[in-house]
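**Q** First the structure, which I've put down as structure tokens, then a few questions once you've had a look.
Chains as they are written, first to last, in my numbering: chain R, 508 to 1292; chain C, 43 to 206.
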């Protein structure tokens, strides 16, 4: 049995019994009578004109029902939408067809869709489609793509620059003139492939009689899918039901509209049969969005004491061959507003160029813009320390925004941090790692000729993505509030409908804990429902570490309205005024007389029988609340990584990893720790393992799990965690969010440690991934010198 | 062209006509409707499809259904006995060894085999033993703890002595 337990307890997850017994229900587990299977033929060329598509042999194969090309789909479905077109930019959005018409622009661009009686037949027929291509020059790297004479992807996008974005605050030129130290550094944040363990996919079923499309898909935001699908297919939003329940990981790669979902939907409408399309992993590597891929030129102005007074960033973001749904928002707003990190830097200027290339489109990947910014500023802090011969923790403390300066508006004024106490997390981390002893150990190691490094990351992040007015001001094509319905049934059981859409973050448990705290209902009597647009009124989904801070708060407000109504009904049944009763663990009793009581169940039943309601109170016991906070939340923390490098193999071994995070109040510590663990591993993996590699022809060389280095159980050691608690003042429970913190923090922590380890060899910076090969080269190059 | 196979899955014997190229994982999922076994890659890296075949953990995406003719198969659906979770399943629940749950069935089936072959593994042996299974959510720390939990429980239990 799951214990009934309030806010702050590590209760076991209610999601788990089905998931550990094989009873989860993911998109590929959906089976419908008469269902057909769709396979997509994808371009093997990164840039080519389609000369001819011969489907005749494929059409004649057994089990083949229909074949569609890009031209066939033009009248059936609109282009894949780009729903975040940043303000402060001159964005040009090229047309992205779900299946290419005339020209393919990346390896993996869809060319034809084959529908057959089973998957094997569909794949056989896909292989029999003969596409003739006339290849075109290819450009893969964003800096190459901006050069004069580079291959052009679209006539409508000169020099392949889809947008230039600018954000500035203070007086940057003056800061650089008055600084003691100025320097420039290029930082490359490599391309990554999200690799959610469940690939993308969809099952679309169009019913002729009701004109209704039911779409099962693996998405982080089903209501956004419904809204955009309606716009793209002309099926009214009232006739579309999107279902998305068990989701095998997202990490940002399940936010964007996927061409495959759109094709499956209109093909189902065309054939009047259910259509299943599930990416295989090789397909996922090219057809689902990638992440990061920045070249960042940073200029720094600092004073002798380590204070950073000015920051200039010019970023070149590789957007891939088209602009994905939220893609442009990532390197613009999400990147630039966190650039000054935990530090009081009053003069900051950012320019971002979004560049189109013959590669898979980029979009959000765990952290989305904030890891790029955090890597940048945390490397800058270490570079300043190195150049001024200061301790990296002293430079950080010198620059920290003081704890009494919140809410703190960043230099550009674009956002204000909610609350923070940055010294506190750093103090605790240094205590846990025993900093003085660690530096002595390092001295000893260096004396022995060993490469031993210590790295810090005192990060902040923007979480709880909201409020809607900010979303609008940033050009996001939607709101960022969240909705909740709390429905108390006549038996006293409670259903919660929430607009968030978790992919393993555990809100099926933590939201029940929140409700238990508000209404006293046992956790076992609560059902949390998400991922069904016919049940949940509205929602923007789970990303940007927003679910608990925004969606959980909506739930709390809805629950409080339920409680108020229960107090009115309870008071009426007790024949006193509502002011004379208290709500205590689900029961309503007369103040000072706990035995004059109506139980939760009695009041619930009374609300539905409605035999004896107070005047002006309507029957039923259900409240809906749309919560739009006034601010984002800003979790923060201090991570310390200790590495030792094996000179012979080049491998950087993580000796210790200490993380002290402040995510505001914590509902379930076990779940929060789990989010931090997974996040740290993902961030460390960027630094030392993962990288998407294209050759000059635009072929993805790291296109399978054999070639792309996902961390294994043996990659990293156990992490040592602790927390401080600085509540967010802008939501009722003081929640900040935790989903991305570990990833944002850990990449610079380990890179700073590796650079520190190599610093006796004269290394001041090198770019990720710090693979054994790269480190080995560095060690041996420096020896050669 | 189709071939007849007789395969015992979770104690029930099934005889089916299958294409020779049908993968065992597709046989389990699509023919027997046992969807607890997942497909996470197409190169045998991820281990989400791990099942037990004649007592060994195998990746069912790398075995043809016809190769399993006559075999005894256990899938995640058959691991709990009489409604009682296997200690490994219990460990994953107790120690928060899963988040999205997609890798979990394969991870659990591998872990059962790991403890069968090595009832007293060190942390390093556990981490090494999971080389063939990928998890993108947990960072593995709690998966390791889940297996340690199960090892402790199984070693303390009455069945520990003489259990292979």
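Beta carbons: idealized from backbone N, C-alpha and C, even for Gly.
Which two residues bound the contiguous beta strand (DSSP E) that contains residue 1123 of chain R?
**A** Segment: none, residue 1123 of chain R is in no beta strand (DSSP E) and carries neither H nor E.
**Q** State the Cα-Cα distance for the pair residue 1273 of chain R and residue 869 of chain R, rounded to the nearest angstrom.
**A** Cα-Cα distance, rounded: 23 Å.
**Q** For the beta strand (DSSP E) containing residue 1105 of chain R, name the first residue and the last one.
**A** That run of the beta strand (DSSP E) goes 1100 to 1105.
**Q** Please compile the residues from chain R whose C-beta is within a distance smaller than 7 Å of the C-beta of residue 147 of chain C.
**A** Neighbours of residue 147 of chain C on chain R, chain order: 529.
**Q** Given a cut-off of 8 Å, decide if residue 633 of chain R and residue 546 of chain R are closer than it, judged by their beta-carbon atoms.
**A** Their beta carbons are under 8 Å apart, which means residue 546 of chain R touches residue 633 of chain R by this criterion.
**Q** Please determine, among R/1267, R/1196, R/729, the residue with the shortest C-alpha to C-alpha distance to residue 700 of chain R.
**A** Answer by Cα proximity: R/1196.
**Q** DSSP three-state call for residue 785 of chain R: helix, strand or coil?
**A** Reduced to three states, the DSSP call for residue 785 of chain R is strand.
**Q** Tell me, please, which residues DSSP counts as bridged to residue 591 of chain R.
**A** Note: residue 591 of chain R sits in a beta bridge opposite R/983.
**Q** Should residue 540 of chain R be labelled buried (16 or more other beta-carbon atoms within 10 Å of its own) or exposed?
**A** Result: exposed.
**Q** Could you check the C-alpha separation between residue 1050 of chain R and residue 1011 of chain R for me, to the nearest Å?
**A** The alpha-carbon atoms of residue 1050 of chain R and residue 1011 of chain R are separated by roughly 12 Å.
**Q** Ignore the nearest five residues each way along the sequence and tell me which others in residue 197 of chain C's own chain have a CB closer than 8 Å to its CB.
**A** Cβ within range, chain order: 161, 162.
**Q** Classify residue 1213 of chain R: buried if its beta carbon has 16 or more other beta carbons within 10 angstroms, exposed otherwise.
**A** It is exposed - the Cβ of residue 1213 of chain R has fewer than 16 other Cβ atoms within 10 Å.
**Q** Among residues of its own chain, excluding the 5 on either side of residue 1117 of chain R, which ones have a beta-carbon nearer than 6 Å to its beta-carbon?
**A** Excluding positions up to five away in sequence, the list reads 1126.
**Q** Which chain B residues sit within Cβ distance under 9 Å of residue 119 of chain C?
**A** Among the protein chains of the structure shown, namely R and C, there is no chain B.
**Q** Is the distance from the Cβ of residue 767 of chain R to the Cβ of residue 707 of chain R below 8 Å?
**A** Cβ distance < 8 Å, so residue 767 of chain R and residue 707 of chain R count as in contact.
**Q** So residue 186 of chain C contacts chain R; which residues on that side make the cut at Cβ distance below 8 Å?
**A** Here the neighbours are 1220, 1225.
**Q** Report the CB separation of residue 1359 of chain R from residue 762 of chain R in whole angstroms; it is logged as a contact under 8 Å.
**A** The first residue shown for chain R is 508 and the last is 1292, placing residue 1359 of chain R beyond what the model contains.
**Q** Using C-beta distances below 6 Å, list every residue in its chain close to residue 1112 of chain R, excluding the 5 sequence neighbours before and after it, in chain order.
**A** These residues qualify, in order along the chain: 997.
**Q** How big is the Cα-Cα spacing for residue 888 of chain R and residue 1248 of chain R?
**A** For residue 888 of chain R and residue 1248 of chain R, the distance between alpha carbons rounds to 19 Å.
**Q** For residue 1074 of chain R, I'd like the list of residues in its chain whose CB is within less than 6 Å of its CB, leaving aside the five on either flank, ordered along the chain.
**A** Only 1085, 1088, 1090, 1095 meet the Cβ criterion.
**Q** By Cβ distance, which residues of its chain are closer than 6 Å to residue 1173 of chain R, with the 5 residues on each side in sequence left out?
**A** Cβ neighbours of residue 1173 of chain R beyond the five flanking positions: 1179.
**Q** Take residue 559 of chain R as the anchor and find which of R/1131, R/726, R/611, R/588 has the nearest alpha-carbon.
**A** Among R/1131, R/726, R/611, R/588, the Cα nearest to that of residue 559 of chain R is on R/611.
**Q** Report the CB separation of residue 1140 of chain R from residue 971 of chain R in whole angstroms; it is logged as a contact under 8 Å.
**A** Sure, about 4 Å apart at Cβ, within 8 Å.
**Q** Which bits of chain R does residue 150 of chain C rub up against, with CB to CB less than 8 Å?
**A** Going along chain R in sequence order, the residues near residue 150 of chain C (Cβ under 8 Å) are 527.
**Q** Could you pull the start and end residues of the alpha helix (DSSP H) that residue 78 of chain C belongs to?
**A** Unbroken run through residue 78 of chain C: none, as it is neither H nor E.
**Q** I need the straight-line Cα distance from residue 726 of chain R to residue 1083 of chain R, nearest angstrom please.
**A** The straight-line gap from Cα to Cα measures roughly 49 Å.
**Q** Do residue 960 of chain R and residue 682 of chain R come within 8 Å of each other at the CB atom, strictly closer than that value?
**A** Not a contact, by the Cβ cut-off of 8 Å.
**Q** Which ranges does the beta strand (DSSP E) cover as unbroken runs of at least 3 residues, wholly within the segment 632 to 680 of chain R, from first to last along the chain?
**A** For the segment 632 to 680 of chain R, whole beta strand (DSSP E) runs of length 3 or above, ordered along the chain, are 637 to 642, 668 to 676.
**Q** In terms of residue numbering, what span does the beta strand (DSSP E) encompassing residue 723 of chain R cover?
**A** 719 to 724 is the extent of the beta strand (DSSP E) around residue 723 of chain R.
**Q** State buried or exposed for residue 595 of chain R, treating a residue as buried only when at least 16 other CB atoms are found within 10 Å of its CB.
**A** That one is buried.
**Q** For the alpha helix (DSSP H) containing residue 1016 of chain R, name the first residue and the last one.
**A** Per DSSP, residue 1016 of chain R belongs to the alpha helix (DSSP H) from 1014 to 1026.
**Q** Can you name, in chain order, every residue of its own chain whose Cβ lies under 8 Å from the Cβ of residue 912 of chain R, other than the five neighbours on each side?
**A** Hits under 8 Å: 851.
**Q** Run down chain R in chain order and give the residues with a C-beta less than 7 Å from the C-beta of residue 170 of chain C.
**A** Those within 7 Å of residue 170 of chain C in chain R are 1221.
**Q** Where does residue 772 of chain R fall in DSSP's three states?
**A** If DSSP states are grouped into helix, strand and coil, residue 772 of chain R belongs with the helices.
**Q** Please report how far the alpha carbon of residue 860 of chain R lies from the alpha carbon of residue 703 of chain R, in whole angstroms.
**A** Each residue's alpha carbon lies about 28 Å from the other.
**Q** For my contact list, residue 863 of chain R and residue 696 of chain R are in at a C-beta cut-off of 8 Å; report their separation, rounded to the angstrom.
**A** Their Cβ separation, rounded to whole angstroms, is 18 Å, which puts residue 863 of chain R and residue 696 of chain R out of contact at 8 Å.
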